[in-house]
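Read the structure below first, then the notes.
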Amino acid sequence: PKKKKAARACVHCQKAHLTCDDSRPCQRCIKRDLASTCTDGVRKKAKYLQEDEENIFHHTLPQQQHQQQQQQQQSFYEGTCIITTLPNLSLSLYKKKVDQILSFSSGFSSTTPLEYSMLTNMLGSPHQFLDSASCSSSSSSTIDRDSALLYPAPRKTQFPNVKNPYNYVEGYHYLINYVRERMGKQELMRISKALALFRPSMIASMMNLTEADLIFTERCLQRTMMEYEKLVPYSGTPTVIWRRTGEIVLVGKEFSLLTQWSKEALMNKKTYIYELMSHTSAVEYWEKYALHAFENANSAVYSTCILLSPTKQLVPCTFCFTIKRDIFDLPSIIIGN
Numbered sequence: 001p002k003k004k005k006a007a008r009a010c011v012h013c014q015k016a017h018l019t020c021d022d023s024r025p026c027q028r029c030i031k032r033d034l035a036s037t038c039t040d041g042v043r044k045k046a047k048y049l050q051e052d053e054e055n056i057f058h059h060t061l062p063q064q065q066h067q068q069q070q071q072q073q074q075s076f077y078e079g080t081c082i083i084t085t086l087p088n089l090s091l092s093l094y095k096k097k098v099d100q101i102l103s104f105s106s107g108f109s110s111t112t113p114l115e116y117s118m119l120t121n122m123l124g125s126p127h128q129f130l131d132s133a134s135c136s137s138s139s140s141s142t143i144d145r146d147s148a149l150l151y152p153a154p155r156k157t158q159f160p161n162v163k164n165p166y167n168y169v170e171g172y173h174y175l176i177n178y179v180r181e182r183m184g185k186q187e188l189m190r191i192s193k194a195l196a197l198f199r200p201s202m203i204a205s206m207m208n209l210t211e212a213d214l215i216f217t218e219r220c221l222q223r224t225m226m227e228y229e230k231l232v233p234y235s236g237t238p239t240v241i242w243r244r245t246g247e248i249v250l251v252g253k254e255f256s257l258l259t260q261w262s263k264e265a266l267m268n269k270k271t272y273i274y275e276l277m278s279h280t281s282a283v284e285y286w287e288k289y290a291l292h293a294f295e296n297a298n299s300a301v302y303s304t305c306i307l308l309s310p311t312k313q314l315v316p317c318t319f320c321f322t323i324k325r326d327i328f329d330l331p332s333i334i335i336g337n
């Protein structure tokens, strides 16, 4: 006669997929000398029941963690907001915003408006820079000031502990004097137009940043550079990394081999990437950078350029650069290969 199916099989019958009986030990385990270990088997729960239990178990903890993270972020970024890019900001609205920003209240960081006010001064009257260049020889104080900007003091070999926002104004001062002293009127106008392309977006992104925000972005930048210092030696590609003002912050060994510029020569003092380019290549770089500075895409920009060796020899190159942004969507570093 056919055996009656038990309500629950024992462990051994369940494992062997055989019919068991209700007695413990069952007859099959008695015959196989497994009576001592004959116990009820554990039924597998349906998959949807397991998922429900896991969801119930893990639901409260992530929710609490998420709330804690939101509270921390809210307390850190309280009073800040990220404004979307405004590429078509009219000139009148732009001037109005600049006037408001330059007369900032105590809620703004004192270093925030200076970066784009420097852009405003350069773009507002490019002819004045040319005129002042012709008269600079008559003033010894002007010569001393310009030479100090063109030949800045050596940088520190190690990044200090970040306690203040990074001074990008110095980089724009240097750019102004470099273009005024080294390039002609045509190059100055082209660079001015390039800077005018991303000026409204720069203003919109920076107008509500506090000093704490700027310090945080600088700490993030330097933490990122620590990672790139580990990765670049393994790439095998000539690599150089610079800030949005063009100041070089990392030089790969292959780049030094290509251009004959030693790492010490480029890093012991502030050096800007456009100083290593021919004038035509420098102007083309700023034009391409302006087009992609506030794009949503992170794709690389491909182009050609002519680099200059320490002996002023021309080094034709095909290169690409990728713009990396910070949490406020501001250009942070540019990676050139």
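In the UniProt record's numbering, the protein residues as written are 1 to 337.
By construction, the Cβ of each residue, glycine as well, lies at the ideal position given by its N, Cα and C atoms.
Predicted model only: the values in this text are computed from it and were never measured.
Cβ of residue i within 8 Å of Cβ of residue j?
i: residue 295; j: residue 194; result: no
i: residue 283; j: residue 190; result: yes
i: residue 304; j: residue 276; result: no
i: residue 239; j: residue 232; result: yes
i: residue 12; j: residue 34; result: yes
Can you give me the start and stop residues for the beta strand (DSSP E) that residue i sits inside?
i: residue 240; result: 240 to 243
Just how far apart, CA to CA, sit residue i and residue j?
i: residue 334; j: residue 243; result: 6 Å
i: residue 301; j: residue 285; result: 10 Å
i: residue 229; j: residue 200; result: 33 Å
i: residue 209; j: residue 218; result: 13 Å
i: residue 6; j: residue 25; result: 13 Å
i: residue 168; j: residue 247; result: 9 Å
i: residue 273; j: residue 255; result: 12 Å
i: residue 321; j: residue 226; result: 19 Å
i: residue 348; j: residue 279; result: Residue 348 is absent from the model: the chain starts at 1 and stops at 337.
i: residue 173; j: residue 179; result: 10 Å
i: residue 213; j: residue 331; result: 14 Å
i: residue 336; j: residue 161; result: 26 Å
i: residue 315; j: residue 328; result: 36 Å
i: residue 312; j: residue 257; result: 15 Å
i: residue 187; j: residue 281; result: 11 Å
i: residue 10; j: residue 234; result: 59 Å
i: residue 310; j: residue 261; result: 6 Å
i: residue 170; j: residue 269; result: 13 Å
i: residue 241; j: residue 205; result: 23 Å
Taking DSSP's pairing of strands, which residues face residue i in a bridge?
i: residue 10; result: 40
i: residue 302; result: 320
i: residue 334; result: 242 and 323
i: residue 209; result: DSSP output for residue 209 lists no bridge partner at all.
i: residue 308; result: 314
Tell me where the alpha helix (DSSP H) around residue i begins and ends.
i: residue 205; result: 185 to 206
i: residue 177; result: 169 to 182
i: residue 20; result: Careful: residue 20 lies outside any alpha helix (DSSP H) and carries neither H nor E.
i: residue 313; result: Taken as a continuous stretch (DSSP letters only), residue 313 belongs to no alpha helix (DSSP H), as it is neither H nor E.
i: residue 29; result: 27 to 31
| field | Complete alpha helix (DSSP H) runs within the segment 229 to 280 (minimum length 4 residues, chain order) | value | 253 to 259 and 263 to 267
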